[in-house]
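Student: One line per chain: the protein sequences are V and D, in this order.
Each residue of the first sequence is one higher than the one before, counting from 0 in numbering that gives the first Met the number 0.
Each residue of the second sequence is one higher than the one before, counting from 0 in numbering that gives the first Met the number 0.
Supplied in structure tokens, the structure appears directly below.
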Amino acid sequence: MPLRFHWRLLQGGDEGASAALALPDLEAQVELCRTAEDCGIDSLLVDVNAAKPDPMALGLSLALATDRMRFMVAHRPGLMSPTLFVQQVNTFAALTGGRISLNVVAGHSPREQRSYGDFLSHDERYERMDEYLAVCHALWDRSGPVTFRGRYLRIEEGRLNTPFVDAVRSRPEIYLGGSSAPAREVAARRASCWMRFADTPEQIRAQGAPPGVETGLRLSVVVRPTREEAVAAARALLAPETAPGQRQDEAAFVRASDATGVRAAYQLAEQEWLTPCLWAGAVPTHGATSLALVGTPGEVAAALLEYGRAGVSQFILSGWPKRAEMVRFAREVLPRVRAAEGVPCPS
Amino acid sequence: MSRPLRFHWSLSQAGNTLRRGVAREQMSGLPDFAAQLDLCRCAEENGIESMLMAVGFTRPDPLLLSLALGRQTSTIHFMVACRAGIVSPVAFTHQVNTASALLGGRISVNLVVGHTPHELGYYGSFLEHGERYEQAEEFLTICGALWRGERGVDFAGTWYRVEKAAVGPPFVSPWRAAPEIYLGGGSREAAALAARHASCLWRFADAPALLAPEVAPVLASGKEAGLLVALVVRPTREEAVRHAQDVLAGLGPEALATHRKLAGQTDSVGFSSAYRMADGSGPEWRTPCLWTGAVPYLGPPSMALVGSPDEVAAALLEYKALGISQFLFLGWPDREEMEIFGRDVLPRVRRAESAGDTGEAAACH
């Protein structure tokens with residue numbers, strides 16, 4: 000199977016918390032979606048955060064404004080009934096011909112969870128996620144009324160008349176993010192792909208993966224014609240004018256987080272280069288998702304293929320600036336990956 | 000002079016007029032999008048302000064469906080039904096605010112607490128009628144604080160607890176800082192909740208004299224009251240009555256069984272009293288214009304104003320005279336009835352309103 004590449008949607012609210020930025024910028028986002036369609040990107044991640052637009056509503060509007068692009072809608076279990084959630088997912092699918100997948104996350108900040116009314120601890124959130132996804136799958140099975148009595152959730156004879164609508168699937172693909180042991184267990188039981196932050200291929204091999212599901216990496220890329228240009232572009236992110244106050248903010252964010260992966264990535268960042276290509280320099284200011292492959296198209300393609308050999312089959316990528324990096328990736332990196340895989344490249 | 004009446008229409012049966020006549024498990028959960036879009040566009044041309052987007056296990060999600068219909072329409076608003084108790088009020092506000100930005104503010108909220116405990120169990124809600132209203136009260140308190148733009152909302156109630164709640168996206172609308180909140184319910188609890196947190200209480204219709212004391216408390220609190228009622232308007236009374244009877248011709252034992260079951264399951268005061276009104280123990284016509292004959296086959300929303308344009312316009316104005324200010328209609332079929340309303344009834348209502356006449360015109364006879 001060829002490697003699959005997803006990209007993270009650019010969003011209002013990304014660069015700050017002001018109300019204006021928290022609104023969807025549909026025109027610019029649709030533009031990015033169309034570019035992604037042309038770039039051979041598998042789907043766009045619409046992430047979830049109280050400061051940003053709701054990903055289900057935004058994802059649907061973008062899907063309706065595009066023809067082919069798929070949307071990986073992020074979702075935190077615990078804020079709505081699983082039955083209502085499946086009803087929303089199935090409605091999204093019915094309106095778009097199934098162009099939805101899910102990025103299920105447990106939340107990483109106790110403070111933000113409490114603001115939604117969720118007071119569970121880290122491990123309890125995964126226990127609840129397990130129950131939640133069990134209910135979702137039972138509804139997607141469509142094999143009769145669903146009764147479920149768990150510790151966190153109780154459903155009696157649940158049913159929905161709106162099915163999941165798709166040409167091939169009976170339910171959406173589920174990408175489940177989380178590095179902790181409970182996250183891995185839930186991923187093995189309920190997900191189609193386990194998502195983790197990047198590390199070296201050796202470490203990824205050594206740390207293993209949940210059985211029976213694919214492994215995906217959340218990763219950034221900085222690709223330039225020469226290695227020197229790539230490194231310079233990456234380091235430019237750290238310029239004080241690009242990231243005013245961000246180092247402090249990110250450190251505070253990590254201190255406030257109870258996510259294993261967020262903390263692990265922050266520790267990795269004590270070294271700037273984890274491999275000749277894998278750069279942790281932006282982690283202190285831009286967070287764990289900024290662990291980046293930095294280099295020439297050939298170097299980055301080779302690094303991706305090496306991850307493939309380490310058991311990774313999917314990637315959710317991002318870059319700066321997002322659109323230009325995505326186009327460069329599609330033009331320069333993807334054909335190299337596909338050539339090595341022996342797969343014809345659509346672009 | 001009082002404000003002009005406001006008119007809304009239910010999207011609930013677009014594409015399948017007799018949807019409510021089959022077993023609920025058999026109703027299609029897939030939207031007939033073309034028929035729905037057609038009805039929305041028709042509404043834009045016929046003086047209808049918003050479409051009610053109903054909620055329930057038999058239907059697609061109303062908020063997402065509104066986004067899809069909103070993309071292809073320009074002026075119609077969407078009154079999105081929501082059941083408090085199956086979603087965090089913060090997550091709900093987040094979704095509504097995002098949708099408001101995507102719809103250019105063409106969204107309002109119709110809060111309901113559910114009418115059938117059995118169905119609420121599908122969603123994991125097991126509260127009794129009174130508790131559901133207490134929960135809805137807390138729900139709207141939190142949503143209201145967020146819509147007022149309060150940052151860091153703290154709330155600790157019986158059903159909800161949030162700490163420093165805030166959502167990034169604000170409610171976006173050229174007209175308002177927060178969505179209008181409609182609340183559906185016939186109970187005393189519903190009226191009390193509407194008085195505190197809603198802008199308008201929806202009720203099923205009844206004879207004006209019987210309705211007046213029921214809506215008095217809501218009106219006294221400064222909030223509006225509206226009626227959910229079907230329309231059957233034809234050039235003459237005889238034609239209208241014949242059409243109403245014809246609607247029932249396609250319905251039989253399955254429809255009766257569906258609603259007998261629902262009448263037995265519901266714990267909604269509004270639903271129960273509407274079913275009771277139509278159980279054969281009283282007259283089928285509550286007034287010369289208000290017909291309950293379809294209720295045993297199609298449920299409480301099918302109580303209908305039946306008559307000529309003059310009669311129905313007069314009936315609407317008579318309700319207006321007792322303080323009803325909004326109406327939510329449906330019809331069989333919806334599109335035809337909506338066009339008749341826009342062409343034959345609405346102009347009569349507006350003429351009477353501008354003449355300051357609210358109910359003296361010839362009522363049904």
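The beta-carbon is built from N, C-alpha and C at its ideal position, and this holds for glycine as well.
Counting only beta-carbon atoms, is glycine 116 of chain V nearer than 8 Å to chain D?
Tutor: Cβ-Cβ to chain D under 8 Å: yes for glycine 116 of chain V.
Student: Is it buried or exposed, aspartate 129 of chain V, if we count other Cβ atoms within 10 angstroms and call 16 or more buried?
Tutor: The residue in question, aspartate 129 of chain V, is buried, as its Cβ has 16 or more Cβ neighbours within 10 Å.
Student: On a CA-only basis, which of D:Leu4, D:Arg18, D:Arg5 and D:Leu321 is nearest proline 300 of chain D? Give me that one, please.
Tutor: Nearest of D:Leu4, D:Arg18, D:Arg5 and D:Leu321 to proline 300 of chain D, Cα basis: D:Arg18.
Student: May I ask you to report which of helix, strand or coil DSSP gives threonine 288 of chain V?
Tutor: Three-state DSSP puts threonine 288 of chain V in a helix.
Student: Given this structure, state the Cα-to-Cα distance separating glycine 12 of chain V from arginine 275 of chain D, to the nearest angstrom.
Tutor: Caution is warranted here: a pLDDT of 39 is assigned to glycine 12 of chain V, below 50, making its placement in the model unreliable, and the coordinate value is therefore given only provisionally. In a straight line, the C-alpha of glycine 12 of chain V is about 53 Å away from that of arginine 275 of chain D.
Student: Among V:Leu43, V:Glu123 and V:Glu155, which one has its Cα closest to the Cα of alanine 182 of chain V?
Tutor: Nearest option by C-alpha distance: V:Glu123.
Student: Three-state secondary structure (DSSP) at serine 179 of chain V?
Tutor: In this structure, serine 179 of chain V counts as coil in the three-state DSSP scheme.
Student: Rounded to whole angstroms, what is the Cα-Cα separation between alanine 191 of chain D and serine 107 of chain D?
Tutor: Roughly 20 Å between the two C-alpha positions.
Student: Should the stretch 306 to 315 of chain V be called in touch with the stretch 270 to 286 of chain V, which here means at least 3 C-beta pairs below 8 Å?
Tutor: Judged by Cβ distances under 8 Å, the stretch 306 to 315 of chain V makes no contact with the stretch 270 to 286 of chain V, as fewer than three pairs qualify.
Student: Nearest-angstrom Cα distance between alanine 18 of chain V and serine 289 of chain V?
Tutor: Confidence at alanine 18 of chain V is low in this model, with a pLDDT of 45, below 50, so the placement of that residue should be treated as unreliable; the coordinate-derived value is given next. Rounded to the nearest angstrom, the two C-alpha atoms are 24 Å apart.
Student: Report the partner residues of methionine 50 of chain D according to the DSSP bridge assignment.
Tutor: Paired residue(s): D:Trp8 and D:Phe77.
Student: Just the chain D side, please: which residues come within less than 7 Å of phenylalanine 91 of chain V by C-beta, in chain order?
Tutor: The contacting residues are Leu63.
Student: Excluding the 5 residues preceding and the 5 following aspartate 266 of chain D in the sequence, name in chain order all residues of the same chain whose CB lies nearer than 8 Å to its CB.
Tutor: Excluding sequence neighbours, aspartate 266 of chain D sits near His114, Thr115, Pro116, Glu127 and His128.
Student: DSSP puts isoleucine 85 of chain D in a beta bridge; with which residues?
Tutor: Paired residue(s): none; isoleucine 85 of chain D is not in a bridge.
Student: Which of the three DSSP states is assigned to serine 60 of chain V in this structure?
Tutor: DSSP places serine 60 of chain V in helix when its eight states are reduced to three.
Student: Given valine 348 of chain V, which residues of its chain have a CB within under 7 Å of its CB, disregarding the five upstream and five downstream residues?
Tutor: With chain V covering only 0 through 346, there is no way to say anything about residue 348 of chain V.
Student: Where does glycine 347 of chain V land, buried or exposed, given buried means 16+ other C-beta within 10 angstroms?
Tutor: Any question about residue 347 of chain V goes unanswered here, given that chain V covers just 0 to 346.
Student: Closer than 8 Å, CB to CB, is glutamate 126 of chain V near chain D or not?
Tutor: With 8 Å as the cut-off, glutamate 126 of chain V does not count as an interface residue toward chain D.
Student: In terms of alpha-carbon separation, which member of D:Glu136, D:Arg147, D:Thr291 and D:Asp278 lies closest to valine 246 of chain D?
Tutor: The residue with the shortest Cα to Cα distance from valine 246 of chain D is D:Thr291.
Student: State the Cα-Cα distance for the pair alanine 176 of chain D and leucine 304 of chain D, rounded to the nearest angstrom.
Tutor: Cα-Cα distance, rounded: 35 Å.
Student: Give me the residue from D:Gly46, D:Leu4 and D:Gln35 with the minimum Cα distance to isoleucine 339 of chain D.
Tutor: The candidate whose alpha carbon is nearest that of isoleucine 339 of chain D is D:Gly46.
Student: Is it true that the stretch 227 to 247 of chain D meets the stretch 255 to 264 of chain D, where meeting means three or more beta-carbon pairs spaced less than 8 Å apart?
Tutor: Short answer: they don't touch.
Student: Using a C-beta to C-beta distance shorter than 8 Å, which residues of chain D count as neighbours of serine 60 of chain V?
Tutor: In chain order: Leu66, Arg70 and Leu101.
Student: Is there at least one Cβ from chain V nearer than 8 Å to arginine 19 of chain D's Cβ?
Tutor: Closer than 8 Å: no.
Student: According to DSSP, what are the bridge partners of methionine 194 of chain V?
Tutor: Answer is V:Gly176 and V:Gly215.
Student: So, under 8 Å CB-CB, proline 52 of chain V and threonine 97 of chain D are touching, yes? Tell me the CB distance rounded to an integer number of Å.
Tutor: Rounded, the Cβ-Cβ distance is 4 Å, consistent with contact.
Student: Quick check: the stretch 177 to 189 of chain D against the stretch 141 to 148 of chain D, are there 3 or more CB pairs under 8 Å?
Tutor: Contact holds: three or more Cβ-Cβ distances are below 8 Å.
Student: Report the partner residues of cysteine 199 of chain D according to the DSSP bridge assignment.
Tutor: D:Tyr181 and D:Glu223, per the DSSP bridge assignment.
Student: Hey, quick one: how far does the alpha helix (DSSP H) through alanine 365 of chain D stretch, first residue to last?
Tutor: With chain D covering only 0 through 364, there is no way to say anything about residue 365 of chain D.
Student: Kindly indicate which residue of V:Arg158, V:Cys38 and V:Ala133 has the alpha-carbon position closest to the one of proline 144 of chain V.
Tutor: When each option's Cα is compared against that of proline 144 of chain V, the closest is V:Arg158.
Student: Could you tell me whether the Cβ atoms of cysteine 32 of chain V and threonine 65 of chain V are closer together than 8 Å?
Tutor: A contact, by the Cβ cut-off of 8 Å.
Student: Pull up the distance between the alpha-carbon of leucine 345 of chain D and that of alanine 206 of chain D, whole angstroms please.
Tutor: Going from the Cα of leucine 345 of chain D to the Cα of alanine 206 of chain D covers about 21 Å.
Student: Between the Cα of alanine 83 of chain D and the Cα atoms of D:Gly279, D:Val161, D:Leu119 and D:Val228, which residue gives the shortest distance?
Tutor: It is D:Leu119.
Student: How would you list, in chain order, the residues of chain D whose beta-carbon sits under 7 Å from the beta-carbon of aspartate 53 of chain V?
Tutor: The answer, in chain order, is His93, Gln94 and Thr97.
Student: State the Cα-Cα distance for the pair glutamate 359 of chain D and serine 353 of chain D, rounded to the nearest angstrom.
Tutor: Per-residue confidence for glutamate 359 of chain D stands at a pLDDT of 49, beneath the threshold of 50, marking its modelled position as unreliable; no derived number is given.
Student: To the nearest angstrom, report how far apart alanine 251 of chain V and alanine 264 of chain V are at their CA atoms.
Tutor: Their backbone Cα atoms lie some 15 Å apart in a straight line.
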